[in-house]
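K.L.:
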Amino acid sequence: MLMYDLIIRAAHIVDGTGRAAFVGDLGIVGERIAALGDHIEGQAHREIDARGWTLAPGFIDAHTHDDLMVLRKAVVPPKVQQGITTLVIGNCGFGMAPMVPAHMTAMQTASAAVLGGDEQPWSWPTLGALLETLRTMALGQNARALLGHNALRVAVMGFETRPASEQEMQAQEGLIAEAMQAGAAGMSLGLMYVPGMYTPQDELTRLARVVGRYGGVITSHMRGEGDLLLDSVDEMLTLAERADVAMHISHLKVTGRKNWGSINRALERIANARAHGLSITVDMYPYTAGSTTMTQLLPPWALEGGMDAMLQRLREPAVQRQILQDFAHGLPGWENQVGALGWEGIMLASVQQDAHRHLEGLTIAEAAAQLGLAPGETFFHLLLTEQGRVTIIVFSMDERDVDMVIQSPFAMLGSDGLPILSGKPHPRLYGSFPRFLRRYVREQRSLTLEEAIHKITAFPAERFGIAERGIIAAGEIADLVLFDPDRINDRATYAEPHAYPEGILAVLVAGTPVVMQGEVQAERPGHLLAPAGQVVQ
Ligand SMILES: [Zn+2]
Numbered sequence: 049m050l051m052y053d054l055i056i057r058a059a060h061i062v063d064g065t066g067r068a069a070f071v072g073d074l075g076i077v078g079e080r081i082a083a084l085g086d087h088i089e090g091q092a093h094r095e096i097d098a099r100g101w102t103l104a105p106g107f108i109d110a111h112t113h114d115d116l117m118v119l120r121k122a123v124v125p126p127k128v129q130q131g132i133t134t135l136v137i138g139n140c141g142f143g144m145a146p147m148v149p150a151h152m153t154a155m156q157t158a159s160a161a162v163l164g165g166d167e168q169p170w171s172w173p174t175l176g177a178l179l180e181t182l183r184t185m186a187l188g189q190n191a192r193a194l195l196g197h198n199a200l201r202v203a204v205m206g207f208e209t210r211p212a213s214e215q216e217m218q219a220q221e222g223l224i225a226e227a228m229q230a231g232a233a234g235m236s237l238g239l240m241y242v243p244g245m246y247t248p249q250d251e252l253t254r255l256a257r258v259v260g261r262y263g264g265v266i267t268s269h270m271r272g273e274g275d276l277l278l279d280s281v282d283e284m285l286t287l288a289e290r291a292d293v294a295m296h297i298s299h300l301k302v303t304g305r306k307n308w309g310s311i312n313r314a315l316e317r318i319a320n321a322r323a324h325g326l327s328i329t330v331d332m333y334p335y336t337a338g339s340t341t342m343t344q345l346l347p348p349w350a351l352e353g354g355m356d357a358m359l360q361r362l363r364e365p366a367v368q369r370q371i372l373q374d375f376a377h378g379l380p381g382w383e384n385q386v387g388a389l390g391w392e393g394i395m396l397a398s399v400q401q402d403a404h405r406h407l408e409g410l411t412i413a414e415a416a417a418q419l420g421l422a423p424g425e426t427f428f429h430l431l432l433t434e435q436g437r438v439t440i441i442v443f444s445m446d447e448r449d450v451d452m453v454i455q456s457p458f459a460m461l462g463s464d465g466l467p468i469l470s471g472k473p474h475p476r477l478y479g480s481f482p483r484f485l486r487r488y489v490r491e492q493r494s495l496t497l498e499e500a501i502h503k504i505t506a507f508p509a510e511r512f513g514i515a516e517r518g519i520i521a522a523g524e525i526a527d528l529v530l531f532d533p534d535r536i537n538d539r540a541t542y543a544e545p546h547a548y549p550e551g552i553l554a555v556l557v558a559g560t561p562v563v564m565q566g567e568v569q570a571e572r573p574g575h576l577l578a579p580a581g582q583v584v585q
């Protein structure tokens, strides 16, 4: 009789494929599911009586910025506590590689409000070199990496605002091929950020074609998500078609009160493109506020040249006056969030300096009252003294639009959490997945449990080329989560974000528990998922 390492008995099994749940036993040997059935005969070193609990494949977070936390800490507690066993990293164009020494400090500063701050050098000349480092590490969960386009562009041509030369194009194409061969899932765009925003469509098409040749996916933080949303969606659909590449639109949303209700038009265009044979998917998090770096509030002209040039410029009173003018009146082709939301719609999430800690969790309007300054003065004061490294939360969306995106059949869940644990990060870092199951399955009943689990397991696994994970079947790797669908609940709020969810009994990575009854375990059974030597299609 076979001896199992672990048998989970009489669980309600939702296998990730979308098919109806069933009650059964699951036996694990080593890293894999060795048996699955009504009743497993045999003994195990350990058994879990799972009557009343639901067993699902480990959740996959399709959109994270956990790159640095994975590298420095190996485990991301706010994620594994949610039942997440695989993180897709390298999103929105951000990344620690490829890196050249001349731009390292500027890139660390520019990334701090999204990836977190780092004291150690970034010295990987290619993405493959960084992946090699991650491959040697024992991780608390798995990671699947994307190449960040902004990091790529900076490595080859710095913070230039012009189109790339032929030589620079070839250098970028070479670095993309290197990344794909080293096992990247694809390339992420961050077209709202410097210097991604300066990239013309022709250039994107050439670069995306390389990703397509390797069967990878382009993920995209688009140029605009408010007034520019529909144009931005069209740009991505055209890019997918011209470059012959799979396209995944990141955190699809519509921002700004006057644009609310228009998300269905974006969804229609995507559905239409899919009906015409394009491979398009999206992700979103289940909240009506977004979160990003405070520099994103500035008009594009103020950002030119990268962080140092921007800070230099902002010291000029005349420049500050011009920016306030632009906030008041807007500029063509620019998403003016301050104008759309007001200072009371923008919250300070995380700062780097202790002197400003008491402002975390306040809106810029509230912080201004505390400091005895005008809101505009407060904004410039914080940008300058914090060297731009301020993370903000923007209350910019309508619930109905968010619900419509998440429920659409081509949407999966991506937390987009910013792992900056010192301040008051957006609660999506801690709560996205339990909140998704609570809200759409238990409360609204707009998704069945089977549909919802598919969206956070097999669907993202397929999209990001994650093999042997994402479904429960004999022979697959045993990434699993055991939870109670009647009790699973997010507890993180904007005021108190550092709260782990409830209703999760156990989280397993490759057969080994990484969370038991709310406690992160010492074992690190996770891997970088990077099948090396991908073949050009
Ligand atoms: Zn983004």
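Sequential numbering of the sequence shown, starting at 49, is according to our numbering.
Note that CB positions come from ideal geometry on N, CA and C, so glycine has one too.
1) Helix, strand or coil: how does DSSP classify Q569 here?
2) Tell me which residues pass a beta-carbon proximity test against ligand 1: closer than 5 Å to any heavy atom, given in chain order.
3) Report the rounded CA-to-CA distance for G387 versus A68, giving the unit in angstroms.
4) Indicate the three-state DSSP secondary structure (helix, strand or coil) for G135 in the structure shown.
5) Can you give the Cα-Cα distance for R487 and E214, rounded to whole angstroms?
6) Measure the CB-CB distance between T133 and V557 and report whether it falls below 8 Å.
7) Look at the alpha carbon of R94 and the alpha carbon of K472, and state the distance between them as a whole number of angstroms.
8) Quick check: T112 and L194, are their CB atoms within less than 8 Å of each other?
9) Return the residue from the list Q168, P126, V202 that minimises the CA-CA distance to A150.
10) Considering only the alpha carbon of each residue, which of R539, I520, E524 lies closest to L530?
11) Please classify L307 as buried or exposed, where buried requires at least 16 other C-beta atoms within 10 Å of its C-beta.
12) Note down the Cα distance separating D464 from L477, rounded to an integer number of angstroms.
13) So E95 is in the alpha helix (DSSP H); what residue range does that whole segment cover?
14) Looking at the strands, I want to know which residues DSSP matches up with R271.
15) Starting from the C-beta of G143, find all residues in its chain whose C-beta is less than 6 Å away, skip the five residues before and the five after it, and write them out in chain order.
16) For L461 versus I501, is the C-beta spacing smaller than 8 Å?
17) Express the C-alpha separation of V242 and L351 in angstroms, rounding to a whole number.
18) Based on the DSSP secondary-structure assignment, which residues constitute the bridge partners of E550?
19) Any idea what DSSP makes of M185, helix, strand or coil?
20) Measure the alpha-carbon distance for P482 versus G106 and round it to whole angstroms.
21) Does DSSP classify P149 as helix, strand or coil?
22) I'd like the span of the beta strand (DSSP E) that includes G85, first residue to last.
23) Only counting runs of 3 or more residues, tell me where the beta strand (DSSP E) segments fall wholly within the segment 252 to 325, in order along the chain.
24) Tell me the residue span of the beta strand (DSSP E) that contains G72.
25) Kindly indicate which residue of A160, D53, C140, P125 has the alpha-carbon position closest to the one of Q400.
26) Does the segment 259 to 273 come into contact with the segment 176 to 186, if we say contact requires no fewer than three beta-carbon pairs (one atom in each stretch) closer than 8 Å?
27) When DSSP labels each residue in this structure, what does P561 get in the three-state scheme?
28) Which same chain residues, not among the five before or five after M332, have their C-beta less than 8 Å away from its C-beta?
29) Could you pull out every residue in the same chain whose Cβ sits closer than 6 Å to the Cβ of V281, ignoring the five residues on either side in sequence?
30) Assuming L223 contacts T174 (C-beta within less than 8 Å), just tell me the rounded distance between them.
P.N.:
The structure says:
1) Three-state result, Q569: coil.
2) This criterion selects C140, H269.
3) Answer to the nearest angstrom: the Cα atoms are 48 Å apart.
4) A quick correction: the sequence has Leu, not Gly, at residue 135. Looking at L135 - three-state DSSP - the assignment turns out to be strand.
5) For R487 and E214, the gap between their C-alpha atoms comes out near 50 Å.
6) Between T133 and V557, the C-beta gap is smaller than 8 Å, which places the two residues in contact.
7) If you take the alpha carbons of R94 and K472, they lie about 39 Å apart.
8) For T112 and L194, no; Cβs fall outside 8 Å.
9) Comparing Cα-Cα distances from A150 to each of Q168, P126, V202, the minimum goes to V202.
10) Of R539, I520, E524, the residue nearest in Cα terms is I520.
11) Checking the displayed sequence, the identity of residue 307 turns out to be Asn instead of Leu. Burial call: buried.
12) Each residue's Cα considered, the two are about 7 Å apart.
13) Going by DSSP, E95 is part of no alpha helix (DSSP H) but of the beta strand (DSSP E) stretching over 91 to 97.
14) The partner list for R271 (beta bridge, DSSP) is empty, contrary to what the question assumes.
15) Same-chain partners within the cutoff: G196, A199.
16) No; because the gap between Cβ atoms is not below 8 Å, this pair is not in contact.
17) Looking at the two C-alpha atoms, the distance is approximately 7 Å.
18) Bridge partners of E550: N537.
19) It is coil, neither helix nor strand.
20) It is roughly 13 Å from the alpha-carbon of P482 to the alpha-carbon of G106.
21) Helix, per DSSP.
22) Where G85 is concerned, the enclosing beta strand (DSSP E) stretches over 80 to 85.
23) Considered as a whole, the segment 252 to 325 harbours 265 to 269, 294 to 297 as its complete beta strand (DSSP E) runs of no fewer than 3 residues, in chain order.
24) It spans 70 to 77 - the beta strand (DSSP E) in which G72 sits, taken as one unbroken run.
25) Minimum Cα distance to Q400 is reached at A160.
26) With the cut-off at 8 Å, the segment 259 to 273 and the segment 176 to 186 do not touch.
27) Residue state, collapsed to three classes: strand.
28) The residues are H299, L300, K301, V450, V453, I454, A459, L461, G462.
29) Closer than 6 Å at the Cβ level, and outside the excluded window around V281, lie A314, R317.
30) Taking the Cβ atoms as the reference, L223 lies roughly 6 Å from T174, within the contact range of under 8 Å.
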